[in-house]
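Under my numbering, the sequence shown is numbered contiguously, ending at residue 577.
Data first, discussion second: the structure below is written as C-alpha cells.
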Amino acid sequence: MDRDLKEQYELQSLFDLSKVLNSSLNLKTILDTLLLTPMGKFLIGKGVVFLADEQHCFTIETLKGLPKSLIGKRLKIDDFPTKPTFVADAPRSPWQVLLEQNGIQLVIPILHDGSILGLIGFGPKSIGGEYTGSDLNYLYSLSNIAATAVQNGIIFQELHEANRKLEKKIQELNTLSEIDRELNSTLSSLDSKKVVNLLAYSIMGELMVNRCLIWLAVDGKMVLSLNKGFQDEEVDKIVSDASIVDHFSSIDAPVIVSGAKDDVYAKLREAGIAVLVPMRIETETKGMVALSEKITKLPFVQEDIDFLTILGNWSSMSIETARLIEEEVEKKKLEEELRIASEIQKQLLPETCPKIDGFEIAATNEPSLQIGGDYYDCIKLNEDEYILCIADVSGKGAPAALLMANVQASLHALVGIGLTIARVTERINEIIYRNTTYDKFITFFIGLLNVRERKLYSVNAGHNPPYIFHKDRSFQTLNEGGLIVGVMPGVQYSSESTELKSGDCIVMFTDGVSEAMNAKDEEFEEHRIEACIARNYDLPAQDLLEALIGEVKAFSAGCPQADDITALIIKVR
Numbered sequence: 005m006d007r008d009l010k011e012q013y014e015l016q017s018l019f020d021l022s023k024v025l026n027s028s029l030n031l032k033t034i035l036d037t038l039l040l041t042p043m044g045k046f047l048i049g050k051g052v053v054f055l056a057d058e059q060h061c062f063t064i065e066t067l068k069g070l071p072k073s074l075i076g077k078r079l080k081i082d083d084f085p086t087k088p089t090f091v092a093d094a095p096r097s098p099w100q101v102l103l104e105q106n107g108i109q110l111v112i113p114i115l116h117d118g119s120i121l122g123l124i125g126f127g128p129k130s131i132g133g134e135y136t137g138s139d140l141n142y143l144y145s146l147s148n149i150a151a152t153a154v155q156n157g158i159i160f161q162e163l164h165e166a167n168r169k170l171e172k173k174i175q176e177l178n179t180l181s182e183i184d185r186e187l188n189s190t191l192s193s194l195d196s197k198k199v200v201n202l203l204a205y206s207i208m209g210e211l212m213v214n215r216c217l218i219w220l221a222v223d224g225k226m227v228l229s230l231n232k233g234f235q236d237e238e239v240d241k242i243v244s245d246a247s248i249v250d251h252f253s254s255i256d257a258p259v260i261v262s263g264a265k266d267d268v269y270a271k272l273r274e275a276g277i278a279v280l281v282p283m284r285i286e287t288e289t290k291g292m293v294a295l296s297e298k299i300t301k302l303p304f305v306q307e308d309i310d311f312l313t314i315l316g317n318w319s320s321m322s323i324e325t326a327r328l329i330e331e332e333v334e335k336k337k338l339e340e341e342l343r344i345a346s347e348i349q350k351q352l353l354p355e356t357c358p359k360i361d362g363f364e365i366a367a368t369n370e371p372s373l374q375i376g377g378d379y380y381d382c383i384k385l386n387e388d389e390y391i392l393c394i395a396d397v398s399g400k401g402a403p404a405a406l407l408m409a410n411v412q413a414s415l416h417a418l419v420g421i422g423l424t425i426a427r428v429t430e431r432i433n434e435i436i437y438r439n440t441t442y443d444k445f446i447t448f449f450i451g452l453l454n455v456r457e458r459k460l461y462s463v464n465a466g467h468n469p470p471y472i473f474h475k476d477r478s479f480q481t482l483n484e485g486g487l488i489v490g491v492m493p494g495v496q497y498s499s500e501s502t503e504l505k506s507g508d509c510i511v512m513f514t515d516g517v518s519e520a521m522n523a524k525d526e527e528f529e530e531h532r533i534e535a536c537i538a539r540n541y542d543l544p545a546q547d548l549l550e551a552l553i554g555e556v557k558a559f560s561a562g563c564p565q566a567d568d569i570t571a572l573i574i575k576v577r
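Below, the structure is given as C-alpha cells:
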C-alpha cells in the first residue's frame, strides 16, 4: 500500500511539475526548475544543466553547488548518453572527466522527438545512499516531461533574440536615417568638421561609449581630426608613435584590440583603445575610428561591428564629398578673385593705343594664366612726346601681377614730373628693390617718342632688345641702358637716341614671344621674329602684329602657353 501511495505521490509530483514547467516560456526559469526540483526532492548538493546545439556542442546554462565560472563553458560531445548514465560508467572523454572532477555522478539526457536537447547532471545525495531504480525512473520521467517545455523555451528564446536583433537593426536603421538627414543638411553648410563631430556623437550615443578618436587621411597621411574624452597623454602615446599611425592605412577591417597580438595593438590597449574601425571608400582607408570600451563594460559584438562599419564608410563618403565641395567652392572663389584681378589688370594696360599723326601703334597682351606679369604702356605726355614701355616681371600669377601693378603706378607717377627716362628708370629700380625680395626683378624697356623731332630716346634695363626695322629690311637693336630692375640699389642707367625715318618699324616684345616652345622643345627665337617681320613688313601695324602672334601660336601649336605673350609695334609713316 505504501508503495502504491509513493508512486501516486510521485506521479502527482510529476504532473504538478509539468504544469509549472509548461506555464513558463522563460528558458532560464524552466532550466532552474528542472534542476532545483529534483535536487530538493533527493537532497542533492550539486547539479548542472547543459543545452546542446545542432552540432552537439553542449553549453553549461545553469548550475548549483559548482563554481559560477563554469557557466558558459562549451564542450563538443558526440558520444552523449541517451539514457540515465552514471558518470563513472561512461567512456573516458573530456565531458566525463569534467563532470567527474566536479563531483557529478549521474547524467540524465533531455530528449525531444529523438533529438538531444541537453543533459542534466547530479552530484551525490547529501544524506548518502545510491540512486535507486525508482530514483532513475523519476528523474528520467521528469526529463521527458520537461523536454517539451525546454524545447518551447529554446524556441521562445530564439524568437526573443531574433526580435531583439530586429529591434536593434530597426534602431540602427533609424539612427542611420537620422544621421543621413543630418549629413545631408551638414553637407549643404560645407563643413566636413561637422560631419566628423556628427559621426563621433552618433557612435558614442548608439554604443554607449564615452571616448572616441577619429583620424582622417590628408595627403596620404593619417591626421588626428577629433578627440572626445581621451586624456592628452593617452593621445600623445598614439600620435607620437609613427608605427601606430602608419599602420592605420593598412587596416581594411574592424579590429577588436583585446584579441589582436601585434605590438601596435598592445600599445593601443595601453592607451585605452578597445576597437578600431577603418573608414573606407572602395579599397582605400580614408580614416580611422578608435573607441574605448563601453560604459556598460559589455563586449563589442558582431552587430556593433557591422553598425560601425556601415556608419564609418557612410561618413567617409560624406566627409570626402564635403571635402570635394569645399575644394570646389574654394576653387570657384579663387577663380572669381582671379577674374576680378584679371579685369583690374586689364585696366592697368592701355584700353587702346593712342592715335599719333605720322605713326601707327598696335599692341597685345595675352597672359599664360588669368593674370600675368607682362606690362606695356603708351602714355601721352604732351602733343609732341609719348612714353612707350614694355616690361616682364619675374614669375607668374598673382605675385607677378602685383609687382606689375607696382611698376605701372610708379611709372605713371614719375613720367609727369619732368625726369629723364634714365632717371625714371633709376627711381623705379629703387622702389622695386626696397619693396621686394631678392628673387623678384623686372626686365624693363622705356622709350620717349618725340613725334616732332621724329626721334626715339630709350633705356633698356635688361629687357629683350627691341628692333628698329628699316625699309630695306635691315634692322638695329636697342641695347643701351643697364641692369635689370630691382636687383641692387644705386644703379645708374644710360640712354640712347635713334632718328626715325619714314617706313621704319619699332618692334618690342617679351620673352613669351621669343621663347615660345614647340613639341620638339625648340624655341621660337629672335631669328623667326626677324623673318616674320621681314615677310610681312608692308602690312599695317595691327596686321603685322597679328601676323607675328599668329606665327608664334602656329609654331607652339599643341603645347600649353608657358609664358605671357606681349608685343608692341610702332610704324613710322
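Here a beta-carbon is modelled for each residue, glycine too, at the ideal position from N, C-alpha and C.
Met492 classed as buried or exposed, judged by whether at least 16 other C-beta atoms fall within 10 angstroms: Exposed.
Cα-Cα separation between Asn386 and Gly420, rounded to whole angstroms: Computed Cα separation, rounded: 10 Å.
Limits of the beta strand (DSSP E) - the one that Pro282 falls within: Counting along the chain, the beta strand (DSSP E) containing Pro282 begins and ends at 279 to 285.
Backbone CA spacing between Thr481 and Lys225 [nearest angstrom]: Straight-line spacing of the CA atoms in Thr481 and Lys225 works out to 56 Å.
Rounded separation between Asp267 and Ser247 - CA only: The alpha-carbon atoms of Asp267 and Ser247 are separated by roughly 10 Å.
Residue closest to Met212, alpha-carbon to alpha-carbon, out of Lys129, Glu297, Ala270, Gly133: The residue with the shortest Cα to Cα distance from Met212 is Glu297.
Through-space distance from Asp93 to Asn148, alpha-carbon basis: Cα to Cα, Asn148 sits roughly 22 Å from Asp93.
Cβ-based burial, Cys61 [other Cβ within 10 Å; buried from 16]: With fewer than 16 other CB atoms across the displayed protein chains lying within 10 angstroms of its CB, Cys61 is exposed.
Beta-carbon gap between Leu312 and Ile446 smaller than 8 Å: Taking 8 Å as the Cβ cut-off, Leu312 and Ile446 do not qualify as a contacting pair.
Nearest-angstrom beta carbon gap, Ser372 and Ala566 [assumed within contact, 8 Å]: Indeed, because the Cβ distance is near 6 Å, the residues count as touching under 8 Å.
Three-state secondary structure (DSSP) of Cys587: It is not possible to answer for residue 587, since the shown part of the chain is limited to 5 through 577.
Three-state class that DSSP yields for Leu31 in the structure shown: Judged by DSSP in its simplified three-state form, Leu31 adopts helix.
Buried or exposed by the 16-neighbour rule on C-beta atoms within 10 Å, applied to Ser322: That one is buried.
Euclidean distance between Cα positions of Ala535 and Ala366: Near 19 Å, if we compare the C-alpha coordinates of Ala366 and Ala535.
Residue(s) in a DSSP beta bridge with Ser462: The partner list for Ser462 (beta bridge, DSSP) reads Gly451, Glu500.
Alpha-carbon spacing of Gly466 relative to Asn454, whole angstroms: Taken atom to atom, the span from the alpha-carbon of Gly466 to that of Asn454 is near 23 Å.
Backbone CA spacing between Phe479 and Lys337 [nearest angstrom]: So the alpha carbons of these two residues sit roughly 48 Å apart.
Same chain, Cβ closer than 6 Å to Leu575, neighbours up to 5 away in sequence not counted: Looking at the sequence provided, one finds Lys at residue 575 rather than Leu. For Lys575, same chain residues with a beta-carbon under 6 Å away, outside a window of 5 residues either side, are Glu364, Cys509, Ala545 in chain order.
Stretch-stretch touch, CB-based, cutoff 8 Å, three pairs: the segment 431 to 449 with the segment 387 to 402: Flag = yes, the segment 431 to 449 and the segment 387 to 402 touch.
DSSP beta-bridge partners of Tyr379: Its beta-bridge partners are Ala395.
Distance, Lys400 Cα to Ile488 Cα: When rounded, the distance between both Cα atoms is 17 Å.
Runs of alpha helix (DSSP H) wholly within the segment 238 to 269 (minimum 4 residues, chain order): Every alpha helix (DSSP H) stretch that sits fully inside the segment 238 to 269 and reaches 4 residues is listed by chain position as 246 to 252.
Opposing strand residues paired with Met292 [DSSP bridges]: Residue pairing from DSSP places Met292 in a beta bridge opposite Trp219, Pro282.
Candidates Asp547, Gly127, Gly157, of which the one nearest Gly44 by Cα: That would be Gly127, whose Cα lies nearest to the Cα of Gly44.
Buried or exposed by the 16-neighbour rule on C-beta atoms within 10 Å, applied to Thr440: Classification of Thr440: buried, given that the 10 Å Cβ count is 16 or more.
Nearest to Asp256 (by Cα), restricted to the options Phe304, Lys290, Ala264: Nearest C-alpha to Asp256: Lys290.
Distance, Asp378 Cα to Ile432 Cα: Straight-line spacing of the CA atoms in Ile432 and Asp378 works out to 16 Å.
Cys536 - containing alpha helix (DSSP H), residue span: Start and end: 529 to 539.
6 Å Cβ shell around Leu418 - same chain, five flanking residues per side excluded: Correct list, in chain order: Val428, Arg431.
Proximity winner among Gly137, Glu530, Val333, Glu134, relative to Asn468 (alpha-carbon distances): The shortest CA-to-CA distance from Asn468 to any of Gly137, Glu530, Val333, Glu134 is the one to Glu530.
CB of Arg532 within 8 Å of CB of Glu550, strictly: Contact: no.
Given Gln105 as reference, the closest of Ile131, Gly137, Pro71 once Cα atoms are compared: Of Ile131, Gly137, Pro71, the residue nearest in Cα terms is Pro71.
Limits of the alpha helix (DSSP H) - the one that Ala413 falls within: Run containing Ala413: 401 to 418, per the alpha helix (DSSP H) assignment.
Host alpha helix (DSSP H) of Lys557 (start-end): For Lys557, the enclosing alpha helix (DSSP H) starts and ends at 545 to 559.
Among Lys32, Asn464, Gly516, Gly209, nearest to Gln496 - alpha-carbon criterion: Distances from the alpha-carbon of Gln496 to those of Lys32, Asn464, Gly516, Gly209 put Asn464 closest.
Inter-residue CB distance, Phe46 and Asp139 (contact presumed, cutoff 8 Å): Separation of the CB atoms of Phe46 and Asp139 is rounded to 7 Å, and the pair is thereby assigned contact status at 8 Å.
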